[in-house]
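In this note's numbering, the protein residues as written are 19 to 492.
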């Protein structure tokens, strides 16, 4: 009796483990005695999770004692041979497929089966759209009929999606489908025609994520979530650092309901600012760093990483776009003091380029003469001055370089700081050269670390084009 009891207990324990774990059986009609793989989507990438071997009948099972995190998974055989399977709460899943059609039939696993039927429905709808497109291209159907039928298919798809969402409320399948549905944008017929585009844009910006719960970590394991976030930042937000920070901060706040989604969103938005090639984006990542990392909210960041971050923040603290430029008091070659502020206050001055260089820098050797002979030569009589700062302490090296390239002019000011009194490297991140900062008459930094071509374009517009336009309006 005791033996029977322990046998029954072992069986029950095994069943409970299966219920708590995952069991995904795959039968491939045209593959036998080979390995296949299970992977998952996460944060815009795919990661391997499990491997199983197909037996001589083409059957293999992915299984584990702990449940998989709900999301979209991938069964793949080669790099270009795979299909998706949605994994929800019921993880006893059965799939039949082959490597030619890659069109699986899912027969077990509640949400997995429903996702398979959704794919079937969407495939059939897309086929109808394609047939209509072909008919229209071949002039077998007029435009009015084409638009009417395409709209009808769209409405059918929307109705199907809404039924699926309502009937499966509370599970991942419902949330997944909801996340693929575009928000409805009002027509704003009560507004004048000229005001409607802006109203629609603002509505889309404010409601873009209405169908996605940003604090639900399951969305991180979908193929569409990260691209949706990137699309929002790139196409729905005005591309300036302040607007982008406000948008990023709003997304971070909405992701706070879960530790995983919060960490992911803070990291993603920080990287968005760090990796951007757009000028001035250091202001965006600086604000995120200050609000979430330096404050201690980003508990996952260790002390050494925070220390490195603080060092990077120091480099941009005083020289972000829009800031008042720090004054520099430096010396000319004859040891006369010259302030950047003094140059800016000259009546004819519209813009000053603060330029940092050292003769031993290969890029400085190439670009400095270009700045003088091309950019400065073109605009020096139109309100453009240069505050040209030698960053080292070897006066002979400096003077020899100036003489060699004839770096002189009434509005080209050569200065240096042998006593290191101005802290130019601290205020302007002049640890790497060449360094370019363009400052307007108000003393505001309007551009930084740009090429001679970009500088030329800005000055062309500001000092020539705008003045011509202004003259025409008078």
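Note that CB positions come from ideal geometry on N, CA and C, so glycine has one too.
These figures come from a predicted structure and were not determined experimentally.
Check, Outcome
"With a threshold of 6 Å on Cβ separation, who are the neighbours of residue 223 within its own chain once the five nearest residues in sequence on each side are excluded?", "254"
"Mark residue 321 as exposed unless 16 or more other C-beta atoms lie within 10 angstroms of its C-beta, in which case mark it buried.", "exposed"
"If you pair each beta-carbon of the segment 351-360 with each one of the segment 443-452, do three or more pairs fall below 8 Å?", "no"
"Within the same chain, show all residues whose beta-carbon is closer than 6 Å to that of residue 488, passing over the 5 residues directly before and after it, in chain order.", "none"
"For the alpha helix (DSSP H) that contains residue 93, what are its first and last residues?", "Where residue 93 is concerned, there is no enclosing alpha helix (DSSP H), although the beta strand (DSSP E) it sits in stretches over 89-96."
"Looking at the structure shown, is residue 75 part of a helix, part of a strand, or coil, going by DSSP?", "coil"
"Return the Cβ separation of residue 398 and residue 423 in integer angstroms, given the expectation that the two are a contact with Cβ distance under 8 Å.", "Their Cβ separation, rounded to whole angstroms, is 16 Å, which puts residue 398 and residue 423 out of contact at 8 Å."
"Would residue 89 and residue 59 qualify as a contact pair, given that the criterion is a beta-carbon distance under 8 Å?", "yes"
"Going by DSSP, what residues sit across from residue 117 in a beta bridge?", "For residue 117, which the question treats as bridged, DSSP gives no partner whatsoever."
"Counting only the same chain and skipping the five closest in sequence on each side, list residues whose C-beta sits under 6 Å from that of residue 464.", "456 and 458"
"Ignoring anything shorter than 4 residues or poking outside the segment 354-426, list the alpha helix (DSSP H) runs there in chain order.", "358-362, 380-388 and 413-423"
"Tell me the rounded alpha-carbon separation between residue 158 and residue 138.", "27 Å"
"Measuring straight from C-alpha to C-alpha, what distance separates residue 307 and residue 329?", "12 Å"
"Grab the span of the beta strand (DSSP E) containing residue 100 for me, first residue to last.", "99-105"
"Alpha carbon to alpha carbon, how far is residue 421 from residue 273? Give it in angstroms, no decimals.", "59 Å"
"Tell me the DSSP bridge mates of residue 126?", "112"
"Where in the segment 423-479 do unbroken runs of the beta strand (DSSP E), each at least 3 residues long, occur, reported from the N-terminal end onward?", "430-434, 453-458 and 463-466"
"Using DSSP with H/G/I as helix, E/B as strand and the rest coil, what is residue 276?", "coil"
"Touch check for the segment 209-218 and the segment 168-186: three-plus C-beta pairs under 8 Å?", "no"
"Since residue 197 and residue 230 should fall inside the 8 Å C-beta cutoff, what is the C-beta to C-beta distance between them, to a whole number of angstroms?", "5 Å"
"Cα separation between residue 45 and residue 107?", "22 Å"
"Here's the rule I'm using: 16 or more other beta-carbon atoms within 10 Å means buried, otherwise exposed. How should residue 204 be labelled?", "exposed"
"Here's a check: name, in chain order, each residue in its chain whose Cβ is nearer than 6 Å to the Cβ of residue 473, leaving out the five neighbours to either side.", "393"
"Where do the N-terminal and C-terminal ends of the alpha helix (DSSP H) with residue 296 fall, by residue?", "Run containing residue 296: none; DSSP gives neither H nor E here."
"Are the segment 121-132 and the segment 271-291 touching by the rule of at least three beta carbon pairs closer than 8 Å?", "no"
"Considering only the beta carbon of each residue, do residue 141 and residue 48 sit closer than 8 Å?", "no"
"At 4 residues or longer, what runs of the alpha helix (DSSP H) sit wholly inside the segment 187-265?", "190-198, 214-225 and 243-253"
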